[in-house]
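**Q** Quick one: structure below, then a few questions.
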Amino acid sequence: LASLIFQLRAQNQVLKKGVVDEQANSASLKEQLKMKDQSLRKLQQEMDSLSFRNQQLAKRVELLQDELALSEARGKKNKKSAESSSQLSQEQKSVFNEDLQKKIEENERLHILFFEADEQHKRLEAELRTRLEVLETDAAQHQAVVDSLTRKYTDTIEKLQNDKAKLEIKSQTLEREAKDCRLRTEECQQQLKNLQAALGSRLEESLCIINEKIPFNDTKSNRYNALNVPLHNRRYQLKLRDLAGQALAFVQELVTALLNFHTYTEQKVQIFPIDSATDTISPLNQKFSQYLHENASYVRPLEEGMLQLFESITEDTVTVLETAVKLKAFSEHLASYLCFLRKILPYQLKSLEEECESSLCTAALRARNMDLHRDMKRLTAVFEKLHTYVSLLALPSTKPEGLLRTNYNLVFTNIATSLHGFHDTLKDISKHYSQKATLEQDVPTATQKLITTNDCIVSSVVALTNGVGKIASFFSNNLDHFTTSLSYGPKGGTEFISPLSAECMLQYKKKAVAYMKSLKKPCADSVPHEEALANRRVLLSSTESREGLAQQVQQSLEKIAKLEQEKEHWMLEAQLAKIKLEKENQKLKNSLSGHLTETVQVCSVLPNVAEQKKEIAEKSPREPIKSTSLVIFRLLKINICLLKFLLCQAPDAESREDLIKNHYMSRIAELTSHLQLADSKSVHFHAECRALAKRLSLAEKSKESLTEELKLASQNISRLQASKISYEDQLSMMSDHLCSMNETLTKQREEIDTLKMTSK
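So the sequence shown is numbered by this note's numbering: it starts at 127 and just counts up by one.
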């Protein structure tokens, strides 16, 4: 600012001198103009006087001419007097002529002088006017420059004044900040002292904890640090799974388009240039068609490999290149498809050449075939590039030394460029196939089958182009995410050492997740002490009487088997009874006399039936039934008697059939209820058996866990005895750490001193 002000002042002085000089020049010019105006006025006055004198002389000449005329008139009257006076008049005339001649010459001279003075005056006036105009324009320009400079200088002065005010305010704020910094430095010194004391106490505590708890520090070694579980980024995992899902959809579209393209190409080979339906195609095209028919076995695994990769990316895993094991399978599937392309490429090129050699091929069609000849080579080369880069990405999960972490970004960038090149190649193929299809339509032997096949090929190539374009744009848009997020490791380390360490890390992560879930589970309600003691007694008694329970279970199983056998037996008996019932109905319809005799028998039997039912009802709650078959046999007899009684009372055959039907339905319901009771009892016995088996297995597991804990305790004792020496090494390491912490504290003090100096 000072240099700028100095320059502006120097320029201002120079401009002031220039303005003063111009003002002096303008003043001198004004004085000269005044002098010229005065001389012009004098000449104007002389000219006016001369013109007046000239007018007087002209009047006098006229008077003299008049007098001359009068004198001539008088001379005619008196010649005598004229002769005498002629001498006088001639003398006067000569005098007058001389005077007149003098006046005329003088007048002519004055006119010449006046004309010259007027011309000179006009020239001077024109020169002065032009000079005055130039000076006025210069003065206006100078005045404009002066005005602009004054405005500029006033603006700069105002800016400088504003800057000065701002600098003053800034200096005041800096002074305040310096005061605050001084206060802060004092506070920092106090805090530093407090921190030193706190760190010293914490260091002692940490040393005690390290000496007591930590056998070694695993973060110092990259090999051990790679086994530590990194921080879980759920948002990143969800984002990566979303991207994998999008990639799976794109690969599915690509697989569908490739299948359609190979299938329609196979159909095209079968019908052009020679239709296989009318004539035999060449052996080359036969072999080419045979290979194309196997395309699904090479294309479908691409979708399966991508699906496996998508399923391996979950919310709970850590997805990096070292843990993406399924990427190797996808690379292998891509390699198999590349082998398929390499296998069919020579046949495809030879097929195009054979098509060019046919008589139906025109020059334009031959040119399109040669374009496709080149495009197919480019397509195979692009797939080779993609396979190379994908196999490189699969190396960290199998052979980490094959690809360095610094080259990850380069590999992803090359994949993106290869995908864009793949898209450009497919654009050319689509354009050439569409041109080829239009040219083949004009061939005289073109059939509707050929036209539809060409349309299908063009549509499949267009779909393939669109799918690859989506994949290329998707990969380019998410390139930064892939390069930044697929290569992170545990805290304190830079990478996973090997796929084995990554796999171990994932196992540890699963164990940690299971442990955290177990911690989040709510605690079960506590059992009262008395109830717990009772349960313990029951448990002890149940364990002691395990053999008795096993015998009971065996007996209940045997009873269940017998009941099932009896159930089957009585189902057969029911079927036989039903057949007999039908026969009896026929007999009842034929004979009416038998009804009367049976009524008498039934009436005599009914009191006995009621008594038997009462006895069964009284015995059932008091005494246990030893054999279910006897009970069922008795009930069946009673039911038969009741059935006969109801048949006697029924007047018609239809009513008898309804009664029989209702009776058997009620009996079936009763039998099913008895069967359900038996099933429920068997289920209850089975549940008790399962509970006893579970208790037995739990007891055996607890025994095994206790034995394992005993082994672990013995191992811990031996390990603690062995780690006694390592503790001494760690103490020395902690002393070194204390020295480094002291050095950092001294550095902090030096920084505080530098801050004080800068604030001052």
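Built from N, CA and C at the ideal position, the CB exists for glycine as well.
#1: Taking the straight line between their C-alpha atoms, what separation do you get for TYR534 and HIS549?
#2: Given a cut-off of 8 Å, decide if ILE541 and TYR559 are closer than it, judged by their beta-carbon atoms.
#3: Helix, strand or coil for THR389 per DSSP?
#4: Rounded to the nearest angstrom, how far is the Cβ of ALA598 from that of HIS546, given a contact under 8 Å?
#5: Compute the distance between the beta-carbons of LEU254 and LYS143, then report whether it is under 8 Å.
#6: Applying the criterion that 16 or more other CB atoms from any shown protein chain within 10 Å of the CB defines a buried residue, is SER120 buried or exposed?
#7: Contact between the stretch 416-425 and the stretch 380-398: three or more CB pairs below 8 Å?
#8: Rounded to whole angstroms, what's the CA-CA distance from SER284 to ALA266? Just pull it up for me.
#9: Just tell me which of ALA136, GLY371, GLN269 and THR256 has its CA closest to the CA of GLU148.
#10: Since SER484 is in the alpha helix (DSSP H), which residue starts that stretch and which ends it?
#11: May I have a chain-ordered list of the beta strand (DSSP E) segments no shorter than 3 residues that lie completely inside the stretch 549-624?
#12: Just the Cα atoms here: how many angstroms apart are GLN786 and GLU690?
#13: Please list, in chain order, all residues of the same chain as LEU491 whose beta carbon is under 6 Å from its beta carbon, the five residues on each side excluded.
#14: Round the Cβ separation of THR506 and LEU467 to the nearest angstrom and send it over; I've been treating them as touching at under 8 Å.
#15: Need the endpoints of the alpha helix (DSSP H) that LEU435 sits in, please.
#16: Between the Cα of ARG816 and the Cα atoms of THR798, SER644, LYS713 and VAL679, which residue gives the shortest distance?
#17: Quick one: grab the DSSP three-state call for LEU447.
#18: Alpha carbon to alpha carbon, how far is GLY326 from GLN287?
#19: Are the beta-carbon atoms of PRO399 and LEU486 separated by less than 8 Å?
#20: If we ignore side chains and look at the alpha-carbon of each, how far apart do PHE891 and LYS452 end up?
#21: Can you give the Cα-Cα distance for HIS800 and HIS812, rounded to whole angstroms?
#22: Sort LYS413, GLU481, CYS482 and LYS709 by Cα distance to LYS469 and report the nearest one.
#23: Whose C-beta lies closer than 8 Å to the C-beta of SER523 among residues of the same chain, with five residues either side of it excluded?
#24: Straight-line CA distance for GLN246 to VAL145?
#25: Work out the CA separation of ALA638 and ILE335 for me, nearest whole Å.
#26: Would you please state the rounded distance, in angstroms, between the beta carbons of ILE555 and LEU498? I believe it to be under 8 Å.
#27: Using the rule of at least 16 other Cβ atoms within 10 Å of the residue's Cβ for burial, across every protein chain shown, is VAL537 buried or exposed?
#28: By the three-class DSSP mapping on this structure, what secondary structure does PRO399 have?
#29: Hey, would you say ARG257 sits closer than 8 Å to LEU155, going by beta carbons?
#30: List the endpoints of the continuous alpha helix (DSSP H) containing LYS647.
#31: Between the alpha carbons of GLU242 and THR280, how many angstroms are there, rounded?
#32: With a CB to CB cut of under 7 Å and the five nearest residues on each side skipped, what residues in its chain are close to ILE758?
#33: Using C-beta distances below 7 Å, list every residue in its chain close to LEU190, excluding the 5 sequence neighbours before and after it, in chain order.
#34: If contacts are defined as beta-carbon pairs under 8 Å, then GLY595 and LEU380 qualify, I think. What distance do you get, rounded to the angstrom?
#35: Just verifying my parser: in three-state terms, what is the DSSP assignment at ILE407?
#36: Do LEU176 and LEU236 have their CB atoms nearer than 8 Å?
**A** Looking at the atomic coordinates:
#1: 23 Å
#2: no
#3: helix
#4: 5 Å
#5: no
#6: This structure leaves residue 120 out entirely; the chain is present only between 127 and 886.
#7: As far as the Cβ criterion goes, the stretch 416-425 touches the stretch 380-398, which means the pair count is three or higher.
#8: The residue asked about is misnamed: residue 284 is Glu in this sequence, not Ser. If I take the Cα positions, the gap works out to 26 Å.
#9: Answer by Cα proximity: GLN269.
#10: Note, SER484: premise wrong, no alpha helix (DSSP H); not H, not E.
#11: Entirely contained in the stretch 549-624, not one beta strand (DSSP E) run reaches 3 residues.
#12: Note on residue identity: the sequence assigns Ile, not Gln, to residue 786. Rounded to whole angstroms, the gap between the alpha carbons of ILE786 and GLU690 is 27 Å.
#13: LEU565
#14: Right, the Cβ-Cβ distance comes to about 5 Å (below 8 Å), so this counts as a contact.
#15: 422-438
#16: VAL679
#17: coil
#18: 56 Å
#19: yes
#20: The chain is shown from 127 up to 886; residue 891 falls before or after that span and cannot be answered.
#21: 18 Å
#22: LYS413
#23: LEU447, GLU448, THR449, ALA450, VAL451, LEU453, LYS454, PRO625 and ALA628
#24: 33 Å
#25: So the two alpha carbons sit approximately 23 Å from each other.
#26: With a Cβ gap of about 7 Å, ILE555 and LEU498 count as contacting.
#27: buried
#28: The answer is coil: DSSP assigns PRO399 none of H, G, I, E or B.
#29: Yes. Within cutoff.
#30: Neither: LYS647 is in no alpha helix (DSSP H) and is coded neither H nor E.
#31: 55 Å
#32: Residue confidence is low: ILE758 scores 48 on pLDDT, short of 50, so the model does not pin down where it sits. No coordinate-derived value is stated.
#33: PHE222
#34: That belief does not hold up - the Cβ atoms of GLY595 and LEU380 are roughly 11 Å apart, past 8 Å.
#35: coil
#36: Taking 8 Å as the cut-off, the beta carbon of LEU176 is found closer than this to the beta carbon of LEU236.
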